[in-house]
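S.K.:
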Amino acid sequence: MPSPKQLLLFFHVFTAIAGLAAGQPSPFFGTKCVPTGNYTANSTYQKNLDMLLSSLSPNIDKYGFYSSSIGQNSDRAYAMALCRGDVRPETCHSCIDESIRAVPQLCPNYKEAIGWYDNCTLRYSNESMNGTVVASPDRCMYNVNNATNKDRFNEKVENLLSSLRVKAAAGGSLRKFASGTALGPDFETIYGLVQCTPDLSEQQCNDCLARASTLDSRCCSGMRGGIVLFPSCNIRYEVYTFFEEIPADAPPPNPPPASPGKDSNATKVVTIVVVSSVTSVIALMICLCILKRKWKKRRPERRFGTEATTEFNTVDEISTLESLKYGFHTLSAATDNFSNANKLGRGGFGVVYKGKLDEGQEIAVKRLSANSVQGELEFKNEVMLVAKLQHRNLVRLLGFCLQGIERLLVYEFVPNSSLDHFLFDPTKRTYLDWKRRSKIISGVARGLLYLHEDSRLRIIHRDLKASNVLLDAEMNPKISDFGMARLFVTDETQGSTNRIVGTYGYMAPEYAMHGNFSIKSDVFSFGVLILEIVTGKKNTSFRNGENLEDLLSYVWKAWREGTTSNLIDPMLSSGSGSMHEMMRCLNIGLLCVQENVADRPTMATVVLMFTSLSLTLPAPSKPAFFMQGNMNENMPVATETNPTTETNPSSSGVTESSHGSINETSITELYPR
Numbered sequence: 004m005p006s007p008k009q010l011l012l013f014f015h016v017f018t019a020i021a022g023l024a025a026g027q028p029s030p031f032f033g034t035k036c037v038p039t040g041n042y043t044a045n046s047t048y049q050k051n052l053d054m055l056l057s058s059l060s061p062n063i064d065k066y067g068f069y070s071s072s073i074g075q076n077s078d079r080a081y082a083m084a085l086c087r088g089d090v091r092p093e094t095c096h097s098c099i100d101e102s103i104r105a106v107p108q109l110c111p112n113y114k115e116a117i118g119w120y121d122n123c124t125l126r127y128s129n130e131s132m133n134g135t136v137v138a139s140p141d142r143c144m145y146n147v148n149n150a151t152n153k154d155r156f157n158e159k160v161e162n163l164l165s166s167l168r169v170k171a172a173a174g175g176s177l178r179k180f181a182s183g184t185a186l187g188p189d190f191e192t193i194y195g196l197v198q199c200t201p202d203l204s205e206q207q208c209n210d211c212l213a214r215a216s217t218l219d220s221r222c223c224s225g226m227r228g229g230i231v232l233f234p235s236c237n238i239r240y241e242v243y244t245f246f247e248e249i250p251a252d253a254p255p256p257n258p259p260p261a262s263p264g265k266d267s268n269a270t271k272v273v274t275i276v277v278v279s280s281v282t283s284v285i286a287l288m289i290c291l292c293i294l295k296r297k298w299k300k301r302r303p304e305r306r307f308g309t310e311a312t313t314e315f316n317t318v319d320e321i322s323t324l325e326s327l328k329y330g331f332h333t334l335s336a337a338t339d340n341f342s343n344a345n346k347l348g349r350g351g352f353g354v355v356y357k358g359k360l361d362e363g364q365e366i367a368v369k370r371l372s373a374n375s376v377q378g379e380l381e382f383k384n385e386v387m388l389v390a391k392l393q394h395r396n397l398v399r400l401l402g403f404c405l406q407g408i409e410r411l412l413v414y415e416f417v418p419n420s421s422l423d424h425f426l427f428d429p430t431k432r433t434y435l436d437w438k439r440r441s442k443i444i445s446g447v448a449r450g451l452l453y454l455h456e457d458s459r460l461r462i463i464h465r466d467l468k469a470s471n472v473l474l475d476a477e478m479n480p481k482i483s484d485f486g487m488a489r490l491f492v493t494d495e496t497q498g499s500t501n502r503i504v505g506t507y508g509y510m511a512p513e514y515a516m517h518g519n520f521s522i523k524s525d526v527f528s529f530g531v532l533i534l535e536i537v538t539g540k541k542n543t544s545f546r547n548g549e550n551l552e553d554l555l556s557y558v559w560k561a562w563r564e565g566t567t568s569n570l571i572d573p574m575l576s577s578g579s580g581s582m583h584e585m586m587r588c589l590n591i592g593l594l595c596v597q598e599n600v601a602d603r604p605t606m607a608t609v610v611l612m613f614t615s616l617s618l619t620l621p622a623p624s625k626p627a628f629f630m631q632g633n634m635n636e637n638m639p640v641a642t643e644t645n646p647t648t649e650t651n652p653s654s655s656g657v658t659e660s661s662h663g664s665i666n667e668t669s670i671t672e673l674y675p676r
């Protein structure tokens, strides 16, 4: 019988392959609930609509389009699904599946609704839609940044969209889609995309796109990006690539004709093979899960480290690992034998030192405590995983050292310390004008989005806070302190733990009180961080006149009373920052800290809220931990033995945090995609 490690290694390989086939969530552009009539729950119309929607994804054609109807007379439901012309089939199906779950929930009991995603559009109605140009309702979004030469830029955009309009309209009855580029002012490339539903005639498509271009010229003039969405067509342009470089503009070539009988026989063979393969894989997965569960029950839980360990079996993995190794004497020399003069701070896992290699590169070295119980293979696996995270808004792990009982981690050195050293310092905070604060908020958001959705692993940080956001020489934010990660063998989106780690005030209530965590836990922490950056106040208790307040209560009461302008940090009120942007950030921050986990947006939605100012933000509901009266600043949410503070592994001049982690470290959860 194979060993547990061999079974687990195979499971990792299978999960990785399955993850490649799974589509990622498509950014949501919005929905429109059309007030043409409502249906009652469990009515014939609802049953027809539910049946029709469930048929969309399986029947979507190879060109990304499907339209159908079910029912009779007034109970007849019509639906239409269209995927963007350049997306892959698996992405198309994933987007359609997401839309048929979300749109009916966002438009409950509406007979007619439309949902716009980046990769697809879903429409349904109680009236036929085929062959009809529908230009209402519409949605318009734009990039908040202005073009340097507006007139010239507008001219280039208009010419690009006009040429694409002609090309898409002539696309035939299977696909009406076109994309391309144009050279704008200052040698900047402009990327454009247009599309119609293929049920329209050439003239209808041309007319619909012309109306969309007219709306674009009104709402997006001079902006460096714009999107106009109609039910029957859409246009988009940006100054960055947002579609496939080689889009599928034309339908794939027709297959060669087959002789009678051969095609059906081949189809039967393929069907049998596919069904047998899928059944075998499902059975194997069930067996592996059972074996894995039994194995885990026999294993004692480690204090930290991976729950699932894989061995390095490929030449590439071994060579990559070797390239990350540093010699102990090299790091000892770089830190002057780990002298106190180079000490940046002490955390639960050990001491962080500043160092300088022989070639002049500055580094930060975290020397883990000698009583670590982590095994050598586990340590190497964790280094490999974290080292593969590459994003401009994450502190980069450069390598490691493993010699005897010594375990050291080597990070890039970030010179400007952490955000809290600027934000909460009476003198340094003046350096954080709104432009810098806005850049920090946006950078942290993009870093979290990468961790949650764009990296090869799904990562939940669990200890996002101002002291774990480091600032480089240009004041760009870098999320730090990932601790020692745990790798799960299933593609989970949430989990639970008995080891509560994090920092009071930043921890989501469902996690602090019950140990339940998800990507929405990080969203909560990010929301608290936004409120701190905009108000300049710590999330823990602070003096407000005669009262002792906590930040969430303070902001929520001001929001309800309509006095949110009083929340803005006085250091910003006299600057050149946009009050509208600051108020919008407060709104987004309150949306992130809502008590109901499902109500909090994902980081993908948060980033869209920041980049598309035309999006109307919903009103937030009551935040979690909203308390009447005073609270104790030092009251922990969860306790563990020997609580210690956690410092930044790569910041300059870091001192012990005054509001550090409750536990010894922040533990990062990783889920393979």
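Quick note on numbering: the numbering used here labels position 102 of the sequence shown as 105, and the sequence is numbered without any gaps. We put the CB at the ideal spot given by N, CA and C, even for glycine. Because the structure is a prediction, the values reported are computed rather than measured.
Using CA coordinates, which residue listed in V137, E130, T34 is at the minimum distance from L109?
M.R.: It is T34.
S.K.: On the CB-based measure, 16 or more other CB atoms within 10 Å of its CB, does T430 come out buried or exposed?
M.R.: The residue in question, T430, is exposed, as its Cβ has fewer than 16 Cβ neighbours within 10 Å.
S.K.: Is L411 closer than 9 Å to M606 when the C-beta atoms are compared?
M.R.: No, the pair does not count as a contact, with Cβ atoms beyond the cut-off.
S.K.: Excluding the five sequence neighbours on either side, which residues of its own chain have a C-beta within less than 8 Å of the C-beta of L164, listed in chain order?
M.R.: Within the same chain, L164 has close Cβ partners G195, V197, L212, S216, D219, I238, Y240.
S.K.: Who are the near neighbours of F246 in its chain, counting only those whose CB is closer than 8 Å to its CB and skipping five residues on each side?
M.R.: Within the same chain, F246 has close Cβ partners R87, D89, S182, Y194, L196.
S.K.: Inspect the CB distances between the segment 360-368 and the segment 399-417 and report whether three or more fall short of 8 Å.
M.R.: Yes, the segment 360-368 is in contact with the segment 399-417.
S.K.: Looking only at its chain, what residues have a beta carbon closer than 7 Å to the beta carbon of L85, apart from the 5 residues adjacent to it on each side?
M.R.: Around L85: G67, F68, C123, T124, T200.
S.K.: Starting from K153, follow the alpha helix (DSSP H) in both directions and report where the run begins and ends.
M.R.: Here the alpha helix (DSSP H) through K153 covers 153-172.
S.K.: Mapping the DSSP letters down to three states, classify R587 as helix, strand or coil.
M.R.: Three-state DSSP puts R587 in a helix.
S.K.: With a CB to CB cut of under 6 Å and the five nearest residues on each side skipped, what residues in its chain are close to V537?
M.R.: Cβ within range, chain order: M585, C588, L589.
S.K.: In this structure, how does DSSP classify P38 when only helix, strand and coil are distinguished?
M.R.: In the structure shown, P38 sits in a strand (DSSP, three-state: E or B).
S.K.: Assuming S97 contacts A82 (C-beta within less than 8 Å), just tell me the rounded distance between them.
M.R.: Actually they do not touch by this definition, with Cβ atoms about 18 Å apart.
S.K.: Within the segment 40-76, note down every full beta strand (DSSP E) run reaching 3 residues or more, in order along the chain.
M.R.: Listed in chain order, they are 68-73.
S.K.: Could you pull out every unbroken beta strand (DSSP E) segment of at least 3 residues lying fully inside the segment 389-448, listed in chain order?
M.R.: 400-406, 409-415, all fully within the segment 389-448.
S.K.: On the premise that D423 lies in contact with A390, defined as a C-beta separation below 8 Å, what is that separation, rounded to the nearest angstrom?
M.R.: Not really, about 27 Å apart at Cβ, beyond 8 Å.
S.K.: What are the boundary residues of the beta strand (DSSP E) that includes S216?
M.R.: Counting along the chain, S216 falls outside any beta strand (DSSP E), though it belongs to the alpha helix (DSSP H) covering 205-222.
S.K.: Are the CB atoms of P234 and P140 within a distance shorter than 9 Å?
M.R.: Contact: yes.
S.K.: Among residues of its own chain, excluding the 5 on either side of P255, which ones have a beta-carbon nearer than 8 Å to its beta-carbon?
M.R.: The predicted position of P255 is uncertain, since its pLDDT is 41 and thus under 50; no value can be drawn from it.
S.K.: Go through its chain and collect everything with a Cβ distance to N471's Cβ below 6 Å, but skip five positions before and after it.
M.R.: Here the set comprises S483, D484.
S.K.: Using the Cβ count rule (16 or more neighbours within 10 Å means buried), how would you classify I408?
M.R.: I408 should be labelled exposed.
S.K.: Kindly list the residues whose CB is nearer than 8 Å to the CB of T567, restricted to its own chain and excluding five residues on each side of it in sequence; keep chain order.
M.R.: Taken in chain order, the residues that qualify are V558, A561, M586, L589.
S.K.: Would you kindly check if the distance between the Cβ of D53 and the Cβ of V136 is under 9 Å?
M.R.: No, they are not a contact pair.
S.K.: Given a cut-off of 9 Å on the beta-carbon distance, is the pair V526 and P604 in contact?
M.R.: Yes, the Cβ-Cβ distance between V526 and P604 is below 9 Å.
S.K.: With distance defined between alpha-carbon atoms, name the residue in N569, V609, R104 nearest to T619.
M.R.: T619 has its Cα closest to that of V609, out of N569, V609, R104.
S.K.: Is N129 buried or exposed, if buried means 16 or more other CB atoms sit within 10 Å of its CB?
M.R.: With 16 or more Cβ atoms within 10 Å of its Cβ, N129 is classed as buried.
S.K.: Could you tell me the alpha carbon to alpha carbon distance between N133 and L397, rounded to whole angstroms?
M.R.: So the alpha carbons of these two residues sit roughly 48 Å apart.
S.K.: Smallest Cα separation from K159: which of A185, E93, R440, T151?
M.R.: It is A185 whose Cα lies nearest to the Cα of K159.
S.K.: Per DSSP, what kind of secondary structure is S2 in: helix, strand or coil?
M.R.: Residue 2 lies beyond the stretch modelled for the chain, which goes from 4 to 676, so this question has no answer here.
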